[in-house]
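Quick notes on the structure that follows.
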Amino acid sequence: MSNCFFNPCCPAKILPSNYTKFEDCEDLHSSIRSDSTSGFFSVTPELNDDDLIINEGNGVQEQEEPQGRQNRQLLGDEEEKREIPRRGEFTFEERWSEEEIQACAKLWLLSDKQLDELRKLKGVLADVDHWINNPYNVVRFLTGPHGFDEKLFRDTVKWRETEGIDDMVTEYQPPEILRRHVASGILEGYDKDGDPIYLERAGVMDVAGFLRKCGKEASMDHFIWLRELALRGEWHQDYEQKMGHPPKQVTILYDLQGLSTEHMRLGVLPFFGNIIGLTTSRYFNLAKRIILIRAPTSFTIIWGIVQYCFGENAKNLMVFAGNKDYLTVLDRYIDREVLPSCALPEGKGRSTRDFPPDFDGGGYVPK
């Protein structure tokens with residue numbers, strides 16, 4: 138299925154609710170204590186040099202989405218735009234042909250019941266005239282923890298149309314400050330299942346700095362643009378040519394080295410919360426696994442705040458690893474050679490096309 142119209146990364150079925158992993162390591166210890174009054178798990182505030190105590194919550198705080206994109210930076214007419222396949226070139230019947238439905242079911246290992254449900258959704262969504270309405274995207278909503286969420290799917294289409302999201306890959310030009318100081322992208326290598334890896338070095342990002350320089354809306358646009366590249370960038374063509382099928386699942390790797398109280402400055406955590414809320418709702422079921430590595434002790438406090446931005450499904454995919462044995466943890470999921478040198482000195486990995494060539498960005502944004 139070359140030159141497919143459906144390019145977006147389609148994660149596989151959600152793992153069971155008991156999948157949450159808190160890895161044993163010297164710097165990071167799982168310690169969950171129940172608060173019988175509130176019904177939540179709470180974060181133990183005490184910190185010491187050896188232990189980082191992380192506790193899970195089952196509450197989800199809805200995040201306000203960024204409104205409007207009037208000030209988005211676009212490429213000028215004189216600048217060359219990258220050629221990204223336009224899904225509008227394919228008709229609804231072409232996208233939803235029986236051949237494509239069968240291929241999608243094979244890739245996702247759908248049961249007979251799920252395959253029947255997918256076929257029925259072709260009729261349910263027949264009025265949705267948008268490229269994202271194809272089996273490879275709809276299956277992500279079908280295999281969610283509560284079955285097909287039609288409202289969420291339709292809201293996602295409306296959001297993309299209202300905010301002009303479909304044009305971002307070809308028309309958005311990131312401000313130089315954000316290009317230099319946001320270290321994030323898809324790696325050239327894959328995880329041990331053959332799925333793409335998305336690395337984001339949150340710990341080295343001066344979020345307060347680029348919010349001050351660029352503003353909240355422009356900064357949010359940049360993170361949406363990065364997620365759009367992950368969803369349907371040109372690198373999909375390389376992946377499909379090599380693997381014989383479109384991307385299905387994504388391992389997300391958050392490098393927290395460098396995280397400090399600076400990341401708790403006014404406006405920073407709400408911004409992170411907005412990104413998390415938008416990512417989990419508008420890029421639904423994108424992640425197969427979320428690995429957080431090199432978390433410092435200050436992460437306990439930060440996690441106590443941002444954990445409620447994650448739904449239970451996202452928490453169930455999380456694996457936490459500390460500074461001293463994070464490579465041992467990663468060895469279970471990723472071959473070391475695909476990691477960049479910023480993650481380990483002998484690393485040779487780099488980003489795939491569409492993204493900045495290395496992950497050495499970050500650092501303080503000059504005033």
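For reference, each letter of the sequence shown is one residue, going 138 to 504 in my numbering. Cβ coordinates follow ideal geometry from the N, Cα and C atoms, glycine included.
By the neighbour-count criterion, in which 16 or more other beta carbons inside 10 Å mark a residue as buried, H283 falls on the exposed side. Counting only runs that start and end inside the region 235 to 316, the alpha helix (DSSP H) elements of at least 4 residues fall at 235 to 245, 249 to 261, 272 to 279, 287 to 300, 305 to 308.
For I428, no alpha helix (DSSP H) encloses it; the enclosing beta strand (DSSP E) starts and ends at 424 to 430.
Taking the CA atoms as reference points, L244 sits about 44 Å from K350. Rounded to the nearest whole angstrom, the CA to CA distance from G459 to V405 is 23 Å. Here I428 has L390, V456 as same chain residues with Cβ atoms under 6 Å from its own Cβ, once five neighbours each way along the sequence are excluded.
Here the C-alpha atom of I323 lies approximately 14 Å from the C-alpha atom of I471.
The distance from the Cβ of R277 to that of N422 is about 4 Å, consistent with a contact at the 8 Å cut-off.
Residue burial is scored here from C-beta neighbours: L403 has fewer than 16 other C-beta atoms within 10 angstroms and is therefore classed as exposed.
In this structure, L247 and L255 form a Cβ contact; the two beta carbons are roughly 7 Å apart against a cut-off of 8 Å. DSSP places S418 in the helix class (H, G or I) of the three-state scheme. The alpha carbon of L289 has as its nearest neighbour, out of V341, N274, Y445, the alpha carbon of N274.
For T398, there is no enclosing alpha helix (DSSP H), as DSSP marks it with neither H nor E. For the pair I430 and M401, the CB atoms are not nearer than the 8 Å cut-off. In the displayed model, E325 falls within a strand according to three-state DSSP. For E474, no alpha helix (DSSP H) segment is defined, and its DSSP state is neither H nor E. Exclusion of the five residues before and after G260 leaves no residue of its chain whose Cβ lies closer than 6 Å to its Cβ. Here the region 342 to 349 does not lie against the region 290 to 299, with fewer than 3 beta-carbon pairs under 8 Å apart. Under the DSSP assignment, M455 falls in the beta strand (DSSP E) whose first and last residues are 455 to 457.
For T388, the enclosing beta strand (DSSP E) covers residues 387 to 392. Segment contact: the region 306 to 318 against the region 374 to 384, fewer than three CB-CB distances shorter than 8 Å; contact not assigned. Put simply, the region 361 to 376 touches the region 490 to 500. At least three CB pairs are less than 8 Å apart. Counted as a single uninterrupted DSSP element, the beta strand (DSSP E) harbouring Y335 occupies residues 333 to 337. By the criterion of a C-beta distance shorter than 8 Å, I238 is surrounded in its chain by L252, L255, R256, K259, P272, once the five residues flanking it on both sides are discounted. S488 has L324 as its beta-bridge partners, per DSSP.
Only residues of its own chain outside the window of five on either side were considered, and among them N270 have a CB closer than 6 Å to the CB of L262, listed in chain order. When rounded, the separation of the alpha-carbon atoms in F347 and D249 is 49 Å. Apart from the 5 residues on each side of it in sequence, R473 sits with its Cβ closer than 8 Å to the Cβ of L464, L467, L481, E483, G484 in its chain, given in chain order.
Within the model, the alpha-carbon separation for F227 versus H373 is close to 18 Å. Taking the CA atoms as reference points, W268 sits about 44 Å from T434. Out of D332, K295, Y309, the CA that lies nearest to the CA of I361 is found in Y309. Using a Cβ distance threshold of 8 Å, D292 and T388 do not count as a contacting pair. Across the set A320, L476, P312, K385, the C-alpha of P312 shows the shortest separation from the C-alpha of K353. Taking 8 Å as the cut-off, the Cβ atoms of L393 and F436 count as close. Taking C-alpha positions only, K425 is separated from S397 by approximately 28 Å.
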